[in-house]
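Taking it in order: structure first as structure tokens, then the write-up.
Chains as they are written, first to last, in the numbering used here: chain F, 72 to 290; chain S, 1263 to 1536; chain A, 241 to 500.
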């Protein structure tokens, strides 16, 4: 069984990886590339179910064991079931028909819980960034001073009020972004890319095996 | 002075709240001038020819958490497209983007009397992230055999003549992270060399300047300010332009906080030293 | 009664009173849309209450959001992936299993159909292998599926990143430094910035002497970049706050906000 459980996946990862690389350089193999991509998407869809299951089972365990905060887990399940039921109903078309985005409970819950809650969660960060900036943003060193000056110039240059201070502020801000910022980003981009390529090669050649999971899962 | 740096953070929260609330309630005019990166997208879309059947693909790769920044720019560009009677194909790489994209497309289409199927369509979402772009690149129907409503692509006027991404006159990706602009560059623009414009949250905008300079990106709409500039260019100020008032005041307040914090810090160090 | 409980009661009471006023005055319609706006405002304000202190209202709204999002994503996976792409293939597999003799005869007549059938069937089988993680039995089968996804993903990335992120980036970096107009400062700055940042991130050699000096220049470029990032991040976060406040003022409290 070790061959099926550990060696076969490594061989498969190698073959899939080589196919992924070669199809880029062989135009005649575009059909293989398209089909491989379709397979990827189908398997990926199944993997999303795993993620959702993991979340829900964690909350279910909390409810069953009456752990601290289990009431909130019940609220999570309530929200899930409400949206799930509306999803199955699909505005009276049922789960076998294409999704109805024109109305219905699923759209109502999306518009009135998911959208405002999601937007609010991230908007909280505006307060925390202001508080953090006030307490910790200090020009203690020349490098920190460069950071501070760049931040102030960009913050003034990107909003209309900057023009009232000086007509050169927006121009300076644009130059800062397009030249020194761009150069630094490009350096980071190239460096990160070389690292990503090294990691991808490690996966393809079986050196990196974290995705295989624990050996305790071997039966 | 040292005590001022340890102020209860809820006072800072209150100051930020007031600095955003007051300019929302009080109207005053701030001129918005388009930057070169935004103007590039406007010029490219303006140059498209509806009579030649030019089609714009818009990828709404964002969810509710970044709606405020990205919805205004999506609406502004859509208004430009519909005003020029260009055909529009919508798609999203994120499951939470489906409802948002559908709402934006139908709301703006209603403003211009655009008809679904004839003037615009929405493909919907498929799992796979960047691999979906790969599928669409070679053969659109390998990724989407139907639109989001279940209609075969060959039955829709907009998509009947389209075979792959290479048939798009312009692609605009509006994204909040992954999957997004970088994936469209790597898996789409890199091979099919279509004109790719990007809209993104302000957090991500600095990352994309290398692609602007290399020409891989045609233009960039960065955050709410980018949206305000595009609204100004199309002559239809909306949520983004009105958002520039609280944005400006908020920025000034935060800058003052930073400067004051530094003054207090250095003053307390000097006081402690002497 | 402690202060926090008092604040909680005052806030909830105020929220209820405001909504009652909005519904009674007709500013909020007494239908699904009006109730929806009330719910959206309630969820938003409950989440904002975290700014005062972590509290049960915030946790309630947060957990409700998590549950709703999970089901919505499941719905999108079903309607846009399973229904159009997986179920038809699954139905074909089911039919083949029900009528194995018919399938066998067809394959004998045209063996090439094995490839066609395989292309349809294999991704669904690999997807079902992933589901063994739910059952806890034969979990090792899921490794085959993960190996395919991870391996193919890694293979697709390599040539595309080399092309888009290295080759297409190097060209614009190396521009002529001397033109008819004289010394080209911007191209020089770009070249200096890219090289110095790459040297800063190279840890295979010590950053001393000339290398240390160039590395220091790289740090300065990085500081400008991080400062720009900070400025843009502040802009992004404030924009999100502006949007939510606009919703609360325009849609919930039905105020007419000036455009400019």
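Where is the CB? At the ideal position from N, CA and C, for every residue including glycine.
| Asked | Found |
| --- | --- |
| Beta carbon of residue 146 of chain F nearer than 7 Å to that of residue 300 of chain A | yes |
| Boundaries (first-last residue) of the beta strand (DSSP E) holding residue 443 of chain A | Residue 443 of chain A -> no beta strand (DSSP E), and no H or E assigned at all. |
| Burial state of residue 96 of chain F (16 or more Cβ within 10 Å) | exposed |
| Buried/exposed call for residue 184 of chain F, threshold 16 Cβ in 10 Å | buried |
| Residue burial classification, residue 1536 of chain S (beta-carbon count within 10 angstroms, cutoff 16) | Low confidence applies here, because residue 1536 of chain S scores a pLDDT of 44, under 50, leaving its location unreliable; read the following figure in that light. Classification of residue 1536 of chain S: exposed, given that the 10 Å Cβ count is below 16. |
| Minimum Cβ-Cβ distance from residue 1445 of chain S to chain A less than 7 Å | no |
| Whether residue 226 of chain F touches residue 471 of chain A by CB criterion (7 Å) | yes |
| Residue interval of the beta strand (DSSP E) (run including residue 1434 of chain S) | 1432-1437 |
| C-beta contact flag for residue 326 of chain A and residue 113 of chain F at 7 Å | yes |
| Residue 291 of chain A, enclosing beta strand (DSSP E) - first and last residue | Here residue 291 of chain A belongs to no beta strand (DSSP E), and DSSP marks it neither H nor E. |
| DSSP state of residue 1457 of chain S mapped onto helix, strand, coil | coil |
| Cβ pair residue 1484 of chain S, residue 1464 of chain S closer than 7 Å | yes |
| Touch test, the stretch 404-414 of chain A against the stretch 123-131 of chain F, Cβ-Cβ under 8 Å, three pairs minimum | no |
| Close beta carbons around residue 508 of chain A, own chain, < 8 Å, minus the five adjacent residues each side | Chain A is shown only over 241 to 500; residue 508 of chain A falls outside these bounds and no answer can be derived. |
| Pick from F:279, F:118, F:179 and F:198 that is closest to residue 296 of chain F, judged by C-alpha positions | The requested residue 296 of chain F does not occur in the structure, where chain F is confined to residues 72 to 290. |
| Endpoints, the alpha helix (DSSP H) within which residue 174 of chain F is located | Counting along the chain, residue 174 of chain F falls outside any alpha helix (DSSP H), and DSSP gives it neither H nor E. |
| Best match in A:289, A:367, A:462 and A:391 for proximity to residue 382 of chain A [C-alpha to C-alpha] | A:367 |
| Coarse secondary structure for residue 1383 of chain S, derived from DSSP in three states | strand |
| Simplified DSSP state of residue 492 of chain A, which is helix, strand or coil | helix |
| Alpha-carbon spacing of residue 271 of chain A relative to residue 278 of chain A, whole angstroms | 11 Å |
| Bridge partner(s) assigned by DSSP for residue 72 of chain F | None; residue 72 of chain F has no bridge partner. |
| Alpha-carbon to alpha-carbon, residue 358 of chain A and residue 329 of chain A | 11 Å |
| Coil, strand or helix - residue 481 of chain A by DSSP | helix |
| 7 Å Cβ cutoff met for residue 1286 of chain S and residue 497 of chain A | yes |
| From S:1510, S:1342, S:1346 and S:1332, residue whose alpha carbon lies closest to that of residue 1314 of chain S | S:1346 |
| Short-range partners of chain S found in the stretch 279-293 of chain A, where Cβ spacing is below 8 Å | 291 and 292 |
| Three-state class that DSSP yields for residue 1313 of chain S in the structure shown | coil |
| Minimum Cβ-Cβ distance from residue 172 of chain F to chain S less than 7 Å | yes |
| Cutoff 7 Å: residue 235 of chain F Cβ touching any chain A Cβ | no |
| Pair within 7 Å by beta-carbon distance, residue 272 of chain F and residue 80 of chain F | no |
| Contact test: residue 1282 of chain S Cβ vs the ligand GDP heavy atom, cutoff 6 Å | In terms of ligand content, the structure shown is empty, and the ligand GDP therefore cannot be addressed. |
| Residue nearest to residue 259 of chain F in terms of C-alpha spacing, selected from S:1319, S:1365, S:1469 and S:1459 | S:1469 |
| Among A:467, A:339 and A:413, the one whose alpha carbon lies nearest that of residue 247 of chain F | A:467 |
| Cα-Cα separation between residue 281 of chain F and residue 444 of chain A, rounded to whole angstroms | 26 Å |
| Closer than 7 Å at the beta carbon, the chain S residues around residue 274 of chain F | Residues of chain S passing the Cβ test: none, with the nearest at roughly 16 Å. |
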